[in-house]
Amino acid sequence: MVPLYWYLWLGGVVFAIGVFGFLARRNIIIMFLSIELMLNGVNISLVALSHYMQDLRGQILVFFIIAVAAAEAAIGLAIIIAMFRNRDTLHADEMAEMKG
Amino acid sequence: MQYYLLIPLLPLGAFLLNIMLGRRVIRRQAHWPSTLAVAGSLVVTVMVLLDVMSGRTLNEDLYVWIVSGNFKVSVGFMIDQLTAVMLVVVTSVSFLVHVYSIGYMQDDPGYYRFYAYLSLFTFSMLMLVTANNFLQLYFGWEAVGLCSYLLIGFWYEKRSASDAGKKAFIVNRFGDFGFGLGVIMVFLTFGTLDYVSVFDGAGGVAAQTINILGADVNLITLIALLLFCGAVGKSAQVPLHVWLPDAMEGPTPVSALIHAATMVTAGVFMVARLNPIFSLSPVAMDVVAVVGAVTALFAATIALVQNDIKRVIAYSTISQLGYMFIACGVGAFGAGIFHLYTHAFFKALLFLCAGSVMHAMGGEVDMQKMGGLKRYMPLTYWTMLIASLSISGIPPLAGFFSKDEILWVAFNGGGVGRAVWALGTLAAVLTAFYSFRLIYLTFHGEFRGTEEQRHHLHESPAVMTVPLAVLCVGAVAAGWIGIPPIISSVFGVEDANWFAEFLKPVVGHPEIEAPHSTEALVMGFSVAVAAVGIAVAWVFYIRNREIPAVLARRCGILYRLLFNKYYVDEIYNATVVRPAMLIARYVLVGLSDGVIIEGVVNGVPALINRFGARLRRLQSGLLQSYAAVMALGLFLLMAVVVMVLK
Amino acid sequence: MVEWFFGYLAGAVILLAILVVASRNPVHSVLWMLLMFLHVAGLYLLLNAEFLAATQVIVYAGAILVLFLFVVMLLNLREEIKIRRFTGGWLFKGLTALGIIYVLRRGLEGFRVGFEGPWSIEAVGRATHTRALGQVLFTEYILPFEIASLLLLVAIVGAVFLSKKRLR
Amino acid sequence: MNEINVSMLAPLLPEVIMASAGILVLLVELVARRKETAGLLSIAAVAVAAYYVPHSFGKSFGGMFVSDGYSAFFKFIFFINLILTVLLSMRYLVIEKSNHGEYYSLVVFSTLGMMLMASAGDLIVLYLGLELMALSSYVLAGFIRHDARSSEAAVKYFLLGAFSSALLLYGITLVYGLTGTTDVSLIGAAVVEKGLSTPLFLSVVFLMAAFGFKTALAPFHMWAPDVYEGAPTSVTAFMSVGPKAAAFAAFGRVFLTGFGSLSTDWTGILVVLSILTMAVGNILAIQQDNIKRMLAYSSVAHAGYAVLGIIVGGAEGLAAMMNYLFIYGFMNLGAFAVVIMLRSEGVRGEALEDYKGLAKTHPFAAAVMLVFMFSLTGIPPTAGFIGKFYLFKAVVGAGYAWLAVVTVIFSAISAYFYLRVVMYMYMLEPEGEAVTLSLSPSLGLALLITTLVVILIGVYPSPLLSFARLAAG
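Residue numbers (the numbering used here), protein chains in the order written: chain A, 1 to 100; chain B, 1001 to 1646; chain C, 2001 to 2168; chain D, 3001 to 3473.
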């Protein structure tokens, strides 16, 4: 039997890698992918917890997270397209008209 | 009887209407809303007066604004006999001033603004007198001060006017500072600002003392004196009287309003309203009486030699206010209010007459350049004569009854009473003298002005003279509701001092055990000295006009001292204003290039600015750095948690 | 045995996650991501959540990632491959991420689940996972389910609105 | 529990109405020639929903959905926010050449999300409500598709918002693992039973970060200035009130019901965040010369004030916070209404310079702005003073007198930049061409409502106070 802690730690590591990607990458799409990584980290932890508690609610939450991720992807990518049309760039550090 | 609310609300509404629509819509019709509103207030006031006379007084919190523990800010009204009298005085004088101003201000470009301020002024004063708690009193107090600043400096293009406005405001600040401290002390002592609860609790703390800089001070005395500071400022008592004569720079109707009804009387009203506090402190009472008496004499002496017609009246106001404080100081608050009430009529009348004279003279205020106006403006002359007789205390005019009552209670006051009485009586001689000096210089003899002015001389229009006539009736008859028994008994009426009876539930009435003969003697004496004063004035200014000049030359020092108002302004300039300016100029400006200003005044904002500029750089517009700040914040919080809990 | 499976899957997931973040080419990132999702699905199977594993593959990998891929292709930038991948201060940011990992490790060490539910492996097995999940989802969690449907509606409206051809 | 019937929807009646309205608005928009019809329809829907709010108290779906006084109060804030925003938007969208009907349905859906957040008795519902609110506002932020600033704002808002959602989910995951439930009141019970542990506190921190993001608490506020500046002004007005209030609603419920027993442990952190927020918001607001951006920082600072209510806790603190947010909604929307009024064809009207001498050219606009600036500063007798006063009272009452002093100091600093606007309007002479006002009837109505309410609450606060007190329980 794999200890629960391993799963949690795995989830945490994936989450943190996502955080790093979000902080460090310049490309907006990869930043967005990093958020998906973070969500997957959460999902791994949730399914594991759900399994070890013999409770299905965690898995339900995962289900909703996936649904929301789909919605988020649709809107996020649409926003990115709109942004690309206006700015012709996909680099987050090249859009800083508003600052200060 | 919620309709009493209309009394302050009508002028407030008129103010809002005029200030919002005045410039574009109402314009030359601005007098309508204001005058109608104050007329409405007057009508409601009469209704309230009738209610109060039938014994229905009221004290209610209308609504509570904020509450926090003991601290409550509420708007509440207290309508009792004292308030009713004040309401009558304020609304009636204010109404007449409104009407009079239609003529006086007719060509002024700021017509709507003038009426808006006038309404606000009236509203503030009405709020002040109807308050049922200290905070509302304070609010009215400050609002009155603000309005007076606006109206005195009404012709702000004129430098002297805006200076006078500022002076009034700043001098009042000194008094108001004490008043504010007094209110805070009241709250700290009683834990509430409600009149009734404070008055109920006042007896319980009468013996308490607090230690200030090593000296034990009676708490009530301290509170009373602090509050009195406010009255000294607002009612222009020595040493804070300097603003009132300068306040003449405002339009004359404003002077009438300030002097008769809405501003200077606030101090007297406040002392009378807070009589349960003052009565508990003999020290404070003596201070009030002495300040009043000194002021009465002091101002009267200055008035003797002034040539500016409005200034003479201004100093007479200060002097008369002194009388009112004498009354309060000897415990006869009712007599003080009585004098306030009669004074309102003859003083408003004097001012409006002076305004009428100035109107005819094309704005001239120097009495040396007048003379012989009797012929040109008979109505103004006669009404002003009656007002002067009234202020001099000649029976049976209004001023006689109120002044006589004050002197009589002072005479029997014990303690400082006799001395105060002596000062008051001396001041009465001078009052009669300067009042008639004014009459003789202005209306008698021959005209000393320019030919052009003579050509222009005319009686004022009806809209100005009618208020004069109405006030004249008041100046004659207002005193007849407070006739002392000694006189009324002659006519077979045993108790005719209805006014004192009316106010008794609020302010009490000192019982005087003294033989009628003494009273008759005192009364006769004061009438006699007034007559002497008039006679001397006649000799000086009609019979033998050389005397004043000779006298001035002989007693040069005294004359110059009086003419320059005891150099009080100069002294203040030298001791307060100049040093303050010097400090401002040399110390502050000098240091502004140096360390202190750089460090403190500019330093803190500069520090904030520099810090802000740093922070701004952090807000770089870069998405990733925003996320990094968030992540770092999160990490630090997590780290703290793990550290602390492990 | 299970431990070995877990070891492989976990190692692969972490490796692939790093590759997603580190790849120069966005298309490669998306493809690594796809592979990672399959491994995550494997983890779900290990945890007896076959329905979620299927969802992961079908919805996450099959729909969402394809959408990503589509957009990456649409906005394809040739020069992308040549320029810097990372923002300035990435080292510092990496340290922050490592710090989070460390703190989580320390913080979660003594993690105990707080609860024993009725859905033991046997119970789920009896009902089959899909049915069990459906039972909970459509009874207890019907309200969130409905909200999720509105969410998808908003997503459609928003996405259509924003990516319509420019019209003023 | 397994029985599902229509009666379970009774407490959700306002939400059902809003959801239907959102869909209806979407359909109407297709056929209506004038897009304003959609706006008016959404206002009508809000009116109906608002009517049912007090008539639909109760719990439903096994406690997942709680309709009580607390949520009702917040729902009224959301409704007012929606109505005023719609009034502000009608003419503004035409000026921005983005008059599309989707706008109104997105506003409705976003409001629905807020309502669900305020009523959420379960973290899953909370999460979904939050996402519904957030996804709609991401689109709204980028609503002017041809404007680079609007798109930039949308991207920033979206990515950081998604990032914060991930934090929220991680927090929820940990809580779920520790307590076995996502129901807020059951979490509360479990926390009492199990006491404090490191993982639990970590989850508290994660949730705090997520809520801090939505309410714009420093250091999670970084998105706010950029997004507020770039988004269409009407949307900025919408976002600075509604989502913030919704996040506070959820924040209050989760922290005081769920983690109430640990309050002694987390208030310390919150105090630090609150002071940091006030400092950052106020100090950076001073630096701004764009009024939208200044209001954005001011919005950050106000979050710092409002969070004091959660620090104080209890009915007293919550009531003070709710009261504050209610008042903040009116004054902030009013200020944005003035900003919108200055926006006309070709003139952005966002620079502080544009306000020079406004009192001379447009005295009414200046006077109204004056009222809002005074209120935001907290000068009596405006509503802002009442809000601050009761907040301070609650803070002092809870024994944080020093914190109240700090807040007062920052309030004093804030006077600098609010009154600077007043100074520009009244003391300076207009420069160049006078700005033209784009005043429409609906905008005028919004200004009238906000001004009146700000003054009315300022002079007669007791109904609002007792309402808030009652609602806070």
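For every residue, glycine included, the Cβ atom is placed at its ideal position computed from N, Cα and C. Since this is a predicted model, take the numbers as computed values, not measurements.
For a cutoff of 8 Å on Cβ pairs, would you count residue i as touching chain C?
i	result
M3064 of chain D	yes
M3001 of chain D	Any answer about M3001 of chain D is weak, because its pLDDT of 47 lies below 50 and its placement is not dependable; what the coordinates show is given next. Yes, contact with chain C.
M98 of chain A	no
A3472 of chain D	no
Q1624 of chain B	yes
P3199 of chain D	yes
Using three-state DSSP, classify residue i as helix, strand or coil.
i	result
W1065 of chain B	strand
A3218 of chain D	coil
F3374 of chain D	helix
D1246 of chain B	helix
D3183 of chain D	strand
H91 of chain A	strand
N1211 of chain B	strand
K1072 of chain B	strand
G1524 of chain B	helix
K1158 of chain B	coil
E3015 of chain D	helix
I2142 of chain C	helix
K2164 of chain C	coil
D1194 of chain B	strand
M1105 of chain B	coil
Exposed or buried, residue i, counting other C-beta atoms within 10 Å across all chains shown (16 or more means buried)?
i	result
V2013 of chain C	buried
S3007 of chain D	exposed
Y3157 of chain D	buried
W1421 of chain B	buried
Y3051 of chain D	exposed
C1555 of chain B	exposed
K3097 of chain D	exposed
K3214 of chain D	buried
W3402 of chain D	exposed
G3495 of chain D	No answer is possible for residue 3495 of chain D: it lies beyond the span of chain D, which begins at 3001 and ends at 3473.
N1133 of chain B	buried
T1518 of chain B	exposed
V3405 of chain D	exposed
A78 of chain A	buried
Excluding the 5 residues preceding and the 5 following residue i in the sequence, name in chain order all residues of the same chain whose CB lies nearer than 8 Å to its CB.
i	result
T1091 of chain B	I1007, V1038, S1041, L1042, T1045, T1122, L1126
R85 of chain A	none
T1221 of chain B	S1281, V1283, A1284
For residue i, would you say it is in contact with chain B, using Cβ-to-Cβ distances shorter than 8 Å as the test?
i	result
R2085 of chain C	no
V19 of chain A	yes
V2160 of chain C	no
Please decide whether residue i counts as near chain A, where near means a Cβ-Cβ distance under 8 Å.
i	result
A3246 of chain D	no
I3124 of chain D	yes
Who are the Cβ neighbours of residue i in its own chain at under 7 Å, not counting the five residues just before and after it?
i	result
E3015 of chain D	L3112, M3115, L3116
L1670 of chain B	Shown here, chain B extends from 1001 to 1646; a query on residue 1670 of chain B therefore has no answer.
If you drop the 5 nearest sequence neighbours on each side, which residues of the same chain put their C-beta closer than 6 Å to that of residue i?
i	result
N1059 of chain B	M1078, N1132
Does any residue of chain D bring its CB to less than 8 Å from the CB of residue i?
i	result
F2111 of chain C	yes
Segments assigned beta strand (DSSP E), at least 3 residues, entirely inside the segment 1258 to 1319 of chain B | none
Please go through the segment 1328 to 1369 of chain B and give each complete alpha helix (DSSP H) segment of 4 or more residues, from N-terminal end onward.
-> 1333 to 1361
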